[in-house]
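**Q** Chains as they are written, first to last, in our numbering: chain A, 4 to 151; chain B, 145 to 299.
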């Protein structure tokens, strides 16, 4: 079971890291870059993104986010022994991921004030998920006191 | 089952609901809700300078959907295994219907492009069925998971 879960966790870590890099390049993960992507920039002849682009991005993001977090939570829930930390981490990662889904359309349709909270929520769920994946690898390969 | 895993399943139902809703918004904004708008989307129109869709163009959209929809229906159905026996039995038919509706929803685009315009109605019916049955199954999963969380908390 260890090599199987280890492989899965390794791929989840790679997915999360690649997602940050790709989003940074695609839409930008700084307030100025993201604002430029969403609303365009006349001085630099940058077109704003279309509604369809935003919807398709969100649609595919929701699916990958959902499957990644469900798998990661299932592994983490089995390996992390402290139930309080386990429940807090799972709730925190899920809520911050849900916030990214809600904040991006709010930034696009309602106000630019939602851009910074979106970026914070995006980094939060990635950092928390990476922490959960690395912690799971630790619990998986480093013998715990309860194992003896 | 771990209490924390139940939380993860509850969040999964919220994410899935958002996925179905965003799919519905995309369907309405891209294809529209009338026979004519769906016909225009697939077959194009020279008067409106709208290109018809090609089989390979449709395949690009169909490819991720074959994987994603199959996986989604499987995961929802598998969570229902943890629900009470009565609800589990009630969910068998909807799960099979959802698989069928998902398949028809994806496949009907190809059939429309190849001249069978009657499938526009089938596409609309399949999409509506997929959304409705999907929401119903998610409701069943959500309800049984919430009951599990409450039972565990009372122990």
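All C-beta atoms, glycine included, are put in the ideal place defined by N, C-alpha and C.
For residue 175 (chain B), collect the residues of the same chain with a Cβ closer than 7 Å to its Cβ; drop the 5 residues on either side in sequence, then sort them by chain order.
**A** In the second chain, residue 175 (chain B) corresponds to position 31, counting from 1. So the list reads 181, 182, 185, once near-sequence residues are dropped.
**Q** Using beta-carbon positions only, say whether residue 323 (chain B) and residue 235 (chain B) come within less than 9 Å of one another.
**A** The question about residue 323 (chain B) has no answer, for chain B in this structure spans 145 to 299.
**Q** Are any of the Cβ atoms in chain A nearer than 9 Å to that of residue 225 (chain B)?
**A** Counted from its first residue, the second chain places residue 225 (chain B) at position 81. Not an interface residue.
**Q** Exposed or buried, residue 265 (chain B), counting other C-beta atoms within 10 Å across all chains shown (16 or more means buried)?
**A** Start at 1 with the first residue of the second chain, and residue 265 (chain B) comes out as number 121. Classification of residue 265 (chain B): exposed, given that the 10 Å Cβ count is below 16.
**Q** Going by alpha carbons, who is nearest to residue 276 (chain B) out of B:195, B:262, B:165, B:146?
**A** Here residue 276 (chain B) refers to the residue found at position 132 of the second chain. Considering only alpha carbons, the answer is B:165.
**Q** Given 8 Å as the limit, is there contact between the segment 137-146 of chain A and the segment 187-200 of chain B, that is, 3 or more CB pairs closer than that?
**A** As far as the Cβ criterion goes, the segment 137-146 of chain A does not touch the segment 187-200 of chain B, which means the pair count is below three.
**Q** If residue 153 (chain B) sits next to residue 223 (chain B), beta carbons under 8 Å apart, how far is it from one beta carbon to the other, in whole angstroms?
**A** Along the second chain, read from residue 1 onward, the residue named residue 153 (chain B) stands at position 9. Along the second chain, read from residue 1 onward, the residue named residue 223 (chain B) stands at position 79. With a Cβ gap of about 6 Å, residue 153 (chain B) and residue 223 (chain B) count as contacting.
**Q** Apply the 10 Å Cβ neighbour rule to residue 85 (chain A) and answer buried if 16 or more other Cβ atoms are within range, or exposed otherwise.
**A** Along the first chain, one-based indexing puts residue 85 (chain A) at 82. Looking at its Cβ environment, which holds fewer than 16 other Cβ atoms inside 10 Å, residue 85 (chain A) is exposed.
**Q** Rounded to whole angstroms, what is the Cα-Cα separation between residue 99 (chain A) and residue 242 (chain B)?
**A** Residue 99 (chain A) sits at position 96 when you count from the first residue of the first chain. Residue 242 (chain B) sits at position 98 when you count from the first residue of the second chain. Going from the Cα of residue 99 (chain A) to the Cα of residue 242 (chain B) covers about 30 Å.
**Q** Short of 8 Å in beta carbon distance, which residues of its chain neighbour residue 9 (chain A), apart from the five on each side in sequence? Order them along the chain.
**A** Taking the first residue of the first chain as position 1, residue 9 (chain A) is located at position 6. Closer than 8 Å at Cβ, skipping near neighbours: 140, 143, 144.
**Q** With distance defined between alpha-carbon atoms, name the residue in A:51, A:106, A:59, A:74 nearest to residue 19 (chain A).
**A** Numbered from 1 along the first chain, position 16 holds the residue referred to as residue 19 (chain A). If we check each option's Cα against that of residue 19 (chain A), A:74 comes out closest.
**Q** Using only the alpha-carbon positions, how far apart do residue 161 (chain B) and residue 279 (chain B) sit?
**A** Start at 1 with the first residue of the second chain, and residue 161 (chain B) comes out as number 17. Start at 1 with the first residue of the second chain, and residue 279 (chain B) comes out as number 135. Distance between the alpha carbons of residue 161 (chain B) and residue 279 (chain B): 7 Å.
**Q** Confirm the yes/no value for this check: CB of residue 171 (chain B), any heavy atom of the ligand PLP, distance under 8 Å.
**A** The ligand PLP is not among the ligands present in this structure, which contains no ligands whatsoever.
**Q** With three or more C-beta pairs closer than 8 Å as the rule, is the segment 112-123 of chain A touching the segment 26-35 of chain A?
**A** Touching, yes.
**Q** Please report how far the alpha carbon of residue 151 (chain B) lies from the alpha carbon of residue 157 (chain B), in whole angstroms.
**A** For the purposes of this step, residue 151 (chain B) is identified with residue 7 of the second chain, where counting begins at 1. For the purposes of this step, residue 157 (chain B) is identified with residue 13 of the second chain, where counting begins at 1. Rounded to the nearest angstrom, the two C-alpha atoms are 10 Å apart.
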